[in-house]
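Residue numbers (the numbering used here): 657 to 1121.
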């Protein structure tokens, strides 16, 4: 077991640790991890190739999102429902814990670099979601469609080798990495919720965890309840959180010019007192932004493939909009709430203590309770969403049968239960390794396959004209 833990730690350092260190003027430096080296150039490349899609086609994204939903084939979900599923996992703990961590580690300037990562990540999200649509398959178990990176990676290998295969190594590695990652996330989810409820309501973790697991089991063990629940839950939780944060921002509107000034000053290290401050700001913002919106990791395409839309590029544009909703809207709201709090009230605080102290300053005891409840909703929807993602990966590895689908759900529920009672750092690291490996396998394939998504975009734009 010790050898396995040591191996996981080495892979973790390879993916997330500083692979290169670049010197900066003034004696500082900035460390670049393998994932940042992969994701940032990929995002810039696709942003240029799509001719700045996030800005140029933003009105078109909104029009597609507003289109009337039409009945799909069998139990197929609409493109907007696929967006809701992916938003359930994007607008999850990353919007609370991730933003807090970014500001704790990199200051207000990290927010600016989160925005930048969202803008370039939108184009990557478009490409991977469009590829998922192009190579989706009929789903004989759940009805409708299924697909994702495991499927388009498999087809890419077949195209390159010129022969049919039952499996391809990279596709199998992606699918296994995803299943490992989502089991790890299950533990993080329940541990965060049980801790928040213990702080807010003094409820023992066991009670919170049992209730969470029981509710999750009722939903995920049913055949097609997942999308229906998220259809209701995600809009409610996002609107409630957005409405309250907008209220607080408007209430403190006089402070917003100074907040924006602080963000932009610290984004380029202008307020940092120590050499190397810019590097910390840049990396914290970029890392948290990239992995809050999930662009490039290959998670969201598992939902995008299930969408029944009239054109593959429509699904890609909807998923690009999802990155905007996650980072530019929800993450920014969280950041603004903390940044309009007097610095002396949150000095020395980090993690959820920082966010809870900010909310308590603005709303008193209600703020602490509200954050606990919204974290519960965000986390619960994330769990349901990742099990929707897992469907296609389980099917790719084990074939179309209910035994393997149910077995994975039960394993995830067990992980959800264990995580609520104790924090196992090893399993959390395993989750981080899982999402890191997913990203590596996904990026090395979408770069050569990207031309097909770009052709689909060009065809869509001709159709619109």
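All residues carry an ideal CB built from backbone N, CA and C; glycine is no exception.
{"Check": "First through last residue of the beta strand (DSSP E) which encompasses residue 677", "Outcome": "674–679"}
{"Check": "Reduced DSSP secondary structure (H/G/I, E/B, other) of residue 823", "Outcome": "coil"}
{"Check": "Counted within 10 angstroms of its Cβ, other Cβ atoms place residue 1049 as buried (16 or more) or exposed", "Outcome": "buried"}
{"Check": "Element boundaries [alpha helix (DSSP H), containing residue 1021]", "Outcome": "1021–1054"}
{"Check": "Buried/exposed call for residue 1020, threshold 16 Cβ in 10 Å", "Outcome": "exposed"}
{"Check": "Cα-Cα separation between residue 901 and residue 942, rounded to whole angstroms", "Outcome": "23 Å"}
{"Check": "Host alpha helix (DSSP H) of residue 625 (start-end)", "Outcome": "Nothing in the structure corresponds to residue 625, since the chain is present only between 657 and 1121."}
{"Check": "Contact with chain C by residue 876, beta-carbon distance below 8 Å", "Outcome": "You won't find chain C in this structure, because it holds only one protein chain."}
{"Check": "Cross-strand partners of residue 793 (DSSP beta bridge)", "Outcome": "802"}
{"Check": "Local Cβ density within 10 Å of residue 658, reported as buried at 16 or more and exposed below that", "Outcome": "exposed"}
{"Check": "Delimiting residues of the alpha helix (DSSP H) encompassing residue 989", "Outcome": "988–995"}
{"Check": "Outcome for residue 1119 when other beta-carbon atoms lying within 10 angstroms are tallied against a minimum of 16", "Outcome": "exposed"}
{"Check": "Limits of the unbroken alpha helix (DSSP H) element including residue 913", "Outcome": "912–923"}
{"Check": "Residue 877 - DSSP class collapsed to helix/strand/coil", "Outcome": "coil"}
{"Check": "Proximity of residue 827 and residue 809 at Cβ, strictly below 8 Å", "Outcome": "yes"}
{"Check": "At least three beta-carbon pairs within less than 8 Å, the region 817–824 to the region 832–850", "Outcome": "no"}
{"Check": "Contact under 8 Å by Cβ, residue 702 with residue 824", "Outcome": "no"}
{"Check": "Classification of residue 930 by the beta-carbon crowding that lies within 10 angstroms, buried from 16 upward", "Outcome": "Note on residue 930: pLDDT 47, under 50, position unreliable in the model; the coordinate value appears next. Classification of residue 930: exposed, given that the 10 Å Cβ count is below 16."}
{"Check": "Which residues DSSP lists as bridging residue 688, in chain order", "Outcome": "676"}
{"Check": "Close-in-space but distant-in-sequence residues of the same chain around residue 774 (CB under 7 Å, 5 per side omitted)", "Outcome": "945, 949, 979, 980, 983 and 984"}
{"Check": "Nonlocal neighbours in the same chain, by C-beta distance under 6 Å from residue 957, ignoring five residues either side", "Outcome": "784, 785, 788, 804 and 805"}
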